[in-house]
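Visitor:
There are 2 protein chains.
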Amino acid sequence: MEPLAIAGIRLGTTCAGIKYPDRRDLVVIEVVAGTRAAAVFTRNAFCAAPVTVARVHLSAAQPRYLVINTGNANAGTGRQGLLDADTTCRELAALVGASPDAVLPFSTGVIGEPLPLDRLVAGLPAALAALRADGWSDAAHGIMTTDTRPKWASRQLTLAETTVTITGIAKGAGMICPDMATLLVFVATDATADEALLQQILAAAVADSFNAITVDGDTSTNDCCVLLATGQAGAKVPTTGADYEGFATAVREICTDLAQAIIRDGEGATKFITVQVEGGRDQAECRQVAYTIAHSPLVKTAFFASDPNWGRILAAVGRAGLVDLELERVAIHLDEACIVRHGERAPDYTEAQGQQVMQRSAITVRVELGRGEATARVWTTDLSFDYVRINAEYRT
Amino acid sequence: MEPLAIAGIRLGTTCAGIKYPDRRDLVVIEVVAGTRAAAVFTRNAFCAAPVTVARVHLSAAQPRYLVINTGNANAGTGRQGLLDADTTCRELAALVGASPDAVLPFSTGVIGEPLPLDRLVAGLPAALAALRADGWSDAAHGIMTTDTRPKWASRQLTLAETTVTITGIAKGAGMICPDMATLLVFVATDATADEALLQQILAAAVADSFNAITVDGDTSTNDCCVLLATGQAGAKVPTTGADYEGFATAVREICTDLAQAIIRDGEGATKFITVQVEGGRDQAECRQVAYTIAHSPLVKTAFFASDPNWGRILAAVGRAGLVDLELERVAIHLDEACIVRHGERAPDYTEAQGQQVMQRSAITVRVELGRGEATARVWTTDLSFDYVRINAEYRT
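Protein chains in written order, with my numbering: chain G, 28 to 423; chain D, 28 to 423.
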């Protein structure tokens, strides 16, 4: 299904030649006056220049334009990087007659190289000329880097008898271990909501989606997730009740769809792995165990090999750092196969069972800790030759 | 150089067919009565059965025999695993007329499969028949799994005009992120020292060697490091002074040699990477930054590709979780090339410089945090196709 347009939003995509010729690498998103926005950003201390500028602008003014380039992250670029991000906003603002504060910049690509500002600025008129209400699909292509597929999701729902639409696009395939938000994600709706409400809904959606995925444990310097509400549908998101829940659920579903699409398109990924940890004392320790499994190169290569070498999963649980873990309460399942019960190999487990599960392209690892009621879920990929190839060849 | 023999110690190695026929997989080490021992063990909560048994035996009696098998880790094997480790000790004790408490068991290999006790026990007479004072090299081969090379180191020094010798052997190439001790390491000396002194010397040596290496961040269930002192040279290690320092230094050098040999033989390793972090508030945060860099798949694949994609190192520093990190104080060096100064690309850095360093087979990443006096050093490998191949093929 093609992404659904959002009243009050137009998108324009062009090839600015930022890193490669003839690659769509520059996207401008125009939002109607009065649009409210919320955003979450990377927690990486070395956050990129556009992240800093976008934060400042977002706190100063309502956005009218978003400008996104690939091919260069404008991160680790110091004072010049900040100037370049600022100049990008000023140049776009001058072209459209807006305030520079109303422009939010986003970048993704190689870290540490100077932004090719001239080429970026030279591409702005073409991106503006391309603005279209149905430009979502092109924009989803325009923000891709090592992604092999564009990623979008749409939902419609009824608020007080009015149909409202939500559409999101995302990019990302590597350096994926979002700590707060992730990658570049843009979600928009024609419903009406103020910034505080949008922020609340976005934060909850991100916690269960982008903050629950990992490809390689590397949190990017440039992660951003933006939620825009144009208000053009004439239906307001209430602050409580069924309509609130319905809207928040739709945003969470879009974020989850996009997060899962990122994992499915993870660099070199051949399998989609869900790690579900149950019975922990709190969510933090469940996440700790889930991420220890999801980040283990040994677990990930075993999935790549379709080898039910579950001892590696058990070892990962054991080194996750949980205090007073009682091994005899631990159980581990691969889909329907119980491989570990009471902390040791389940008596009825057979290698054939494990082998059967491991052949699948989507597998759930479920760990029961047996010491509480908390749970956590993380999605990840296997570790393949292609992950190494892509990351050894990227840039060179 | 061949490993030097230690008076009071004989080693016997045989092929017991534990996992493969005709592979040396069973080693017995006999130590003379009166030998004192110290050991450090894995902190993985799922520690293997032999680890549990060795701990108990070590606290109950002075050791006379160590028995080591490869091909099966006897981990995740629950109560049966403990019985099997115990039976191994009893069977060996019966053959030699020793107390079962005087036997320490060690295992390494696949996790979660039952120990083939019959084959192990059947191999004991041959291992005993092979006992020789110059059996160190054979034993170093006998404890290998995915290792491609045996690892040993020897030192001699003079204590109160008497020459004493120290020799160590180690195995390990993957699942390497020791948290306390590592892998299987056996170090012995003919000097005299009591358990408390040995423990103190060993703990200090391990902290700077085995606990400062990582291949893949996966802490094994079976890590053990043992230090034995037979006292046969007739020279006592004093508790302070130059002779104490000399002896402790020699033990640390042996542990460092072995730890570095493990990294050089790391699964699929093509490069030896030293990560040196300076200027931290305490050693813990320096280690945190060093391990974040050393575990990053993106940093490791860049090293494999000889690509000076230093933005990945900067991003790893940024996500290491240091509170109040002031970016403008951060500097990063690749060997002699300063790549980041004041938190951004160094003005005089050139891609050619970076390229030149990255071609080397041994590279030091030096990070200055600029907020204190503490330092930490970690050794690691790159991440290559062969790491994936080895771990995708191992076991299947």
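C-beta: ideal position from N, C-alpha, C; glycine also.
For D:Glu395, does the count of other Cβ atoms within 10 angstroms reach 16, so buried, or fall short, so exposed?
Guide: Looking up residue 395 of chain D in the second sequence gives position 368. Flag for D:Glu395 reads buried.
Visitor: Just the Cα atoms here: how many angstroms apart are D:Ala403 and G:Ala81?
Guide: Here residue 403 of chain D refers to the residue found at position 376 when the second sequence is read from its first residue. Here residue 81 of chain G refers to the residue found at position 54 when the first sequence is read from its first residue. C-alpha separation (whole angstroms): 36 Å.
Visitor: I'd like the ranges of any beta strand (DSSP E) spanning at least 3 consecutive residues and lying wholly in the stretch 293 to 320 of chain D.
Guide: 299 to 307
Visitor: Pull up the CB-CB distance for D:Gln259 and D:Asp217, whole angstroms please, since I reckon it's below 8 Å.
Guide: Counting from one through the second sequence, the residue named residue 259 of chain D turns up at place 232. Counting from one through the second sequence, the residue named residue 217 of chain D turns up at place 190. So it is a contact: roughly 4 Å between Cβ atoms.
Visitor: Using a Cβ cut-off of 7 Å (strictly closer), state whether G:Leu325 contacts chain D.
Guide: Taking the first sequence and counting its residues from 1, the one referred to as residue 325 of chain G is at position 298. Yes, G:Leu325 counts as interfacial toward chain D.
Visitor: When the Cα of D:Ala329 is compared with those of D:His369, D:Gln315, D:Gly370, D:Arg387, which residue comes out closest?
Guide: Position 302 of the second sequence holds residue 329 of chain D. The shortest Cα separation from D:Ala329 among D:His369, D:Gln315, D:Gly370, D:Arg387 belongs to D:Arg387.
Visitor: I'd like the span of the alpha helix (DSSP H) that includes G:Asp46, first residue to last.
Guide: Within the first sequence, the letter at position 19 stands for residue 46 of chain G. Note on residue identity: the sequence assigns Lys, not Asp, to residue 46 of chain G. Counting along the chain, G:Lys46 falls outside any alpha helix (DSSP H), and DSSP gives it neither H nor E.
Visitor: Quick check on the DSSP output: what are the complete alpha helix (DSSP H) runs of length 4 or more inside the stretch 210 to 291 of chain G, in order along the chain?
Guide: 222 to 234, 268 to 291
Visitor: What residue from G:Gln380, G:Ala65, G:Gly39, G:Val302 has the CA that sits closest to G:Ser333's CA?
Guide: Taking the first sequence and counting its residues from 1, one reaches residue 333 of chain G at position 306. Here the closest residue by C-alpha is G:Gln380.
Visitor: Please report the straight-line C-alpha distance between D:Glu312 and D:Ile359, rounded to a whole angstrom.
Guide: One-based indexing of the second sequence puts residue 312 of chain D at position 285. One-based indexing of the second sequence puts residue 359 of chain D at position 332. Distance between the alpha carbons of D:Glu312 and D:Ile359 is about 16 Å.
Visitor: Using a Cβ-Cβ cutoff of less than 7 Å, which residues in the same chain neighbour G:Gln382 once the five nearest sequence positions on both sides are dropped?
Guide: Working through the first sequence from its first residue, we reach residue 382 of chain G at position 355. These residues qualify, in order along the chain: Pro335.
Visitor: Say whether chain G places a C-beta atom closer than 7 Å to the C-beta of D:Val415.
Guide: Position 388 of the second sequence, counted from the first residue, corresponds to residue 415 of chain D. Yes, D:Val415 lies at the interface with chain G (some Cβ there is under 7 Å from its Cβ).
Visitor: Tell me, please, whether the CB atom of G:Ala419 is closer than 7 Å to any CB atom in chain D?
Guide: Here residue 419 of chain G refers to the residue found at position 392 when the first sequence is read from its first residue. It does; some Cβ of chain D falls within 7 Å.
Visitor: Helix, strand or coil for D:Asp158, going by three-state DSSP, please let me know.
Guide: Along the second sequence, read from residue 1 onward, the residue named residue 158 of chain D stands at position 131. In the sequence as presented, Asp is not what sits at residue 158 of chain D; that position holds Leu. It is coil, neither helix nor strand.
Visitor: Under the assumption that D:Asn99 contacts D:Val54 (Cβ atoms under 8 Å), give the Cβ distance between them as a whole number of angstroms.
Guide: The count along the second sequence starts at 1 and reaches residue 99 of chain D at position 72. The count along the second sequence starts at 1 and reaches residue 54 of chain D at position 27. Actually they do not touch by this definition, with Cβ atoms about 14 Å apart.
Visitor: I'd like the list of long-range same chain contacts for G:Ala364, defined as Cβ closer than 7 Å, with 5 residues on each side in sequence excluded.
Guide: Position 337 of the first sequence, counted from the start, is the residue given in the question as residue 364 of chain G. Taken in chain order, the residues that qualify are Tyr376, Gln380, Gly381, Val384.
Visitor: Thinking D:Ile196 and D:Ala166 are a contact (beta carbons under 8 Å), I'd like their distance in whole angstroms, please.
Guide: Counting from 1 along the second sequence, the entry for residue 196 of chain D is found at position 169. Counting from 1 along the second sequence, the entry for residue 166 of chain D is found at position 139. Confirmed, Cβ separation roughly 6 Å.
Visitor: Considering G:Ile359, what are the terminal residues of the alpha helix (DSSP H) in which it resides?
Guide: Position 332 of the first sequence holds residue 359 of chain G. Counting along the chain, G:Ile359 sits inside no alpha helix (DSSP H); it lies in the beta strand (DSSP E) bounded by residues 358 to 361.
Visitor: Hey, is the stretch 63 to 76 of chain D in contact with the stretch 30 to 43 of chain D, meaning 3+ C-beta pairs nearer than 8 Å?
Guide: no
Visitor: Cβ of G:Ala401 within 6 Å of any heavy atom in the ligand SAM?
Guide: Because no ligand of any kind appears in the structure shown, any question about the ligand SAM cannot be addressed here.
Visitor: Starting from the Cα of G:Val214, find the closest Cα among G:Leu285, G:Gly150, G:Ala157 and give me that residue.
Guide: Your numbering for residue 214 of chain G matches position 187 in the first sequence. Closest by alpha carbon: G:Leu285.
Visitor: Can you tell me the Cα-Cα spacing of G:Glu280 and G:Ser181, whole angstroms?
Guide: The residue given as residue 280 of chain G occupies position 253 in the first sequence. The residue given as residue 181 of chain G occupies position 154 in the first sequence. Whole-angstrom Cα-Cα distance: 9 Å.
Visitor: Taking C-beta pairs closer than 7 Å, name the residues in chain G that D:Glu371 reaches, listed in chain order.
Guide: Residue 371 of chain D sits at position 344 when you count from the first residue of the second sequence. Result: Gly103, Thr104, Gly105.
Visitor: Quick one: list the residues of chain G neighbouring D:Thr424, beta-carbon separation under 7 Å, in chain order.
Guide: In the structure as shown, chain D begins at 28 and stops at 423. Residue 424 of chain D is therefore absent and cannot be evaluated.
Visitor: Which ranges does the alpha helix (DSSP H) cover as unbroken runs of at least 4 residues, wholly within the stretch 74 to 99 of chain D, from first to last along the chain?
Guide: 76 to 87
Visitor: Locate the beta strand (DSSP E) running through D:Gln183, then write down its first and last residues.
Guide: Along the second sequence, read from residue 1 onward, the residue named residue 183 of chain D stands at position 156. Per DSSP, D:Gln183 belongs to the beta strand (DSSP E) from 178 to 186.
Visitor: Determine the DSSP secondary structure at D:Ile33, reduced to helix, strand or coil.
Guide: Taking the first residue of the second sequence as position 1, residue 33 of chain D is located at position 6. Reduced to three states, the DSSP call for D:Ile33 is coil.
Visitor: Would you kindly report the start and end of the unbroken beta strand (DSSP E) that includes G:Trp163?
Guide: Counted from its first residue, the first sequence places residue 163 of chain G at position 136. G:Trp163 -> not in any beta strand (DSSP E); alpha helix (DSSP H) instead, spanning 163 to 169.
Visitor: Check distances from the C-beta atoms of the stretch 64 to 87 of chain D to those of chain G and list, in chain order, the residues that come in under 8 Å.
Guide: Arg70, Asn71, Ala72, Phe73, Cys74
Visitor: Let's see if you can read the secondary structure: which residues bound the beta strand (DSSP E) around D:Pro127?
Guide: Taking the first residue of the second sequence as 1, we reach residue 127 of chain D at position 100. Unbroken run through D:Pro127: none, as it is neither H nor E.
Visitor: When the Cα atoms are used, what is the spatial distance from G:Met207 to G:Ala230?
Guide: Residue 207 of chain G sits at position 180 when you count from the first residue of the first sequence. Residue 230 of chain G sits at position 203 when you count from the first residue of the first sequence. Because G:Met207 carries a pLDDT of 34, less than 50, the predicted location of this residue cannot be relied on, and the following value inherits that uncertainty. Cα to Cα, G:Met207 sits roughly 8 Å from G:Ala230.
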